[in-house]
Each structure stands twice: as structure tokens, then as C-alpha cells.
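Protein chains in written order, with our numbering: chain S, 726 to 868; chain R, -11 to 153.
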């Protein structure tokens, strides 16, 4: 049982990177442009084999769980804020001369990395909020 | 040397209770706990009914005496099923239950396709359905713990409202 009266310190880096890795495995495993993904595997042959159907349902269920959890924690506004934060960090990098604006292109990889960062922040946010202000995220009528 | 009965100052209470405090207070929900719930769900479902004539259903319907004991066990099983089903319905919802049923059914399809299961046998077919149901029980009993561990969101039941579940 968790102790609701305690305010345990969180390891922010480990917390965030674990969730980032999990969401990256989910998103990039489902589709990525390199040609090795569930999408390419499932569409290579007509019809679905049982293993492909099982993997597809598993990935879909995990996606539902991740997106639902992230939406409950940060909502559309939080997701938008994270997206703006990433955009601003790119603009800052360009302003500091680390990259040229010409080199910045909106590729599939970039969009997928955005999605994974938003998912990772969303899934871990309740821990951060509890640590900062002591407020728990309660689901009154789950899920 | 006077040994006073009731003088327990020689006991190191911190060390003596430390094991239980670790056990009950800093307990993180992991695969072991999930496996325990899965096994309990399996035992509950298959103990209530299974197609191999060794279950509560067959015992209760064989008509050989012990009616009070059968009633007692039956009510106990009913309570356990209610707890498992209600916690699953609350924590997973219809979407989650549907997805999990599809997931376990497709896993069974994989096994059938690779000749691990022979569902031409009606007993095996019923057994597969029951095991799928028991797996959904197991996840339903674990999902709130998983959600708390992964996302830090706490599931709650508002018992002050007239909630249908």
C-alpha cells in the first residue's frame, strides 16, 4: 500500500526517462519511417496472422492506456504547452546558433518524438504535482 | 537479577517491526502481486465451474446432502465474484474490458493456430473461455495498482453517492 501521508522524493530524471522509453517503444514500434515497425510488418502481407492481430490489439490497448492517462493528467492545454516548449527550445537553439533555421524540417521522426515527449510528461505528471504541491490526482469515476 | 514480567525494554522494537513495516507500508505493486491476483482469479473462476467435473457447480448439483455447506460456499463464491467483477468494471470500464477480452482471445487464437490448443474439443473451448475471463479478473484486480505505480493517479470509489457500481 502506498503511504498517502508521506511526500516521498521523486527521482525526476529516472521517472521521466523510463516513461519516455516506454512511450517511444510504443510509438516507434507502431510506426516509423525506417521500414521496421508493426505497420510495415502487418501490411506486408494481405490479411492478418494471429500473432499480428495479437500484437496489434496489444499496441492499441497500450496506446489507449497511455493517451488516456496523459490526457487525464495534463489535458489538451498541457499537451499544447509541452509542444510549445519544444518549439521554443528549437527556436532558442536556432537563436543561439546551434542549428540553422534552414536545417529544421518537420519530419515524421520529429513529430513522433514530440508525441513521445508529451506522453512521457503526461504519464509522469501526477508524481511531479504530488511532489510539488502535495495534490493527488484522483479519478472520481475511473477509468 | 530481577526479571519483571511485562518489562519488554530488551526488545528492539524498531528492528522487530521493521520487517512488517517494509512489508505493508513500502510495498510496491509488481509482477509478483499481479501473478497472485491472476492465480486467485483463475482459482475463483475454475473453482466455480470448469468442464472437467471437478468444481463447485458439479459438487452443488450432484444432490448428495450437505446443503448448508453448499449454500455457505456458494454465497462465499458469489461475494468473491462480486468483488472481482465490480473492481474490474470500476477500474477498467467497458472499453478496457473489451480491449482485454480481445487481447486474451487473440492470444488464444495464436495458441490455437499453432496447434497448442484443440478447441474442436468442447471442453477445451469452454476452458479457454473461462481462462480468458479469469485473466480479465486478474487485470481488473490489478489495474488500479498499475495506474498508481505508472502514472501516480489514484483510482477512487465514491461510496457516498448512489453509484450503480
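Using N, Cα and C, we set each Cβ at its ideal position, and we do this for glycine too.
It should be emphasised that the depicted structure is a prediction, and the values quoted were computed from it without experimental measurement.
Only 794, 797, 798 from the segment 791 to 825 of chain S bring a Cβ to less than 7 Å from some Cβ of chain R. From the beta-carbon of residue 775 (chain S), the residues of chain R found nearer than 7 Å are 94, 97, 98, 101. Considering only R:109, R:88, R:139, the residue with the shortest C-alpha distance to residue 120 (chain R) is R:88. Close to residue 779 (chain S), with beta-carbon spacing below 8 Å, are these residues of chain R in chain order: 91, 94, 95, 97, 98. At a cut-off of 8 Å, the C-beta of residue 859 (chain S) has no neighbouring C-beta in chain R. Non-local beta-carbon contacts of residue 846 (chain S) in its own chain, meaning distances under 6 Å to residues more than five positions away in sequence, involve 807 in chain order. If the five residues before and after residue 113 (chain R) are omitted, its C-beta is found closer than 6 Å to the C-beta atoms of 107, all from its own chain and listed in chain order. One Cα belongs to residue 775 (chain S), the other to residue 863 (chain S), and the distance between them is close to 38 Å. If you ignore the 5 residues before and after residue 859 (chain S), its C-beta comes within less than 7 Å of the C-beta of 732, all in its own chain and listed in chain order. Using a C-beta cut-off of 8 Å, the segment 14 to 34 of chain R makes contact with the segment 126 to 141 of chain R, since at least three inter-stretch Cβ pairs fall below that distance. Note on the segment 765 to 839 of chain S: whole alpha helix (DSSP H) runs with a minimum of 4 residues are 775 to 820, in chain order.
Taking a Cβ-Cβ threshold of 7 Å, the residues of chain R close to residue 863 (chain S) are 142, 144, in chain order. Across the structure, residue 823 (chain S) and residue 839 (chain S) are spaced so that their CA atoms are roughly 20 Å apart.
Taking 8 Å as the CB threshold, residue 139 (chain R) lines the interface with chain S. Around the CB of residue 768 (chain S), fewer than 16 other CB atoms lie within 10 Å, so the residue is classed as exposed. Using a 10 angstroms sphere on the CB of residue 801 (chain S), the tally of other CB atoms stays under 16, which defines it as exposed.
Contact between the segment 88 to 99 of chain R and the segment 779 to 793 of chain S is present: 3 or more CB-CB pairs across the two stretches fall below 8 Å. The Cβ of residue 117 (chain R) sits no closer than 8 Å to any Cβ of chain S. Within chain R, the residues placing a beta-carbon under 8 Å from that of residue 782 (chain S) are 87, 90, 91, 94, ordered along the chain. Contact annotation: the segment 739 to 758 of chain S does not touch the segment 64 to 81 of chain R, with fewer than three C-beta pairs closer than 8 Å. If you check each beta-carbon in the segment 834 to 853 of chain S against every beta-carbon of chain R, the ones closer than 9 Å belong to 847, 848, 849, 850, 851, 852, 853. Between the C-alpha atoms of residue 857 (chain S) and residue 76 (chain R) there is a straight-line separation of about 32 Å. Your pair residue 794 (chain S) and residue 23 (chain R) does not check out as a contact, with CB atoms roughly 23 Å apart and the cut at 8 Å.
The residue among S:812, S:855, S:756 with its C-alpha nearest the C-alpha of residue 830 (chain S) is S:812.
Any Cβ of chain R closer than 8 Å to the Cβ of residue 786 (chain S) would place that residue at the interface, and such an atom is present.
Between the beta-carbon of residue 137 (chain R) and that of residue 143 (chain R) there is about 12 Å, and that puts the pair past the 8 Å contact cut.
Taking 8 Å as the cut-off, the Cβ atoms of residue 95 (chain R) and residue 105 (chain R) do not count as close.
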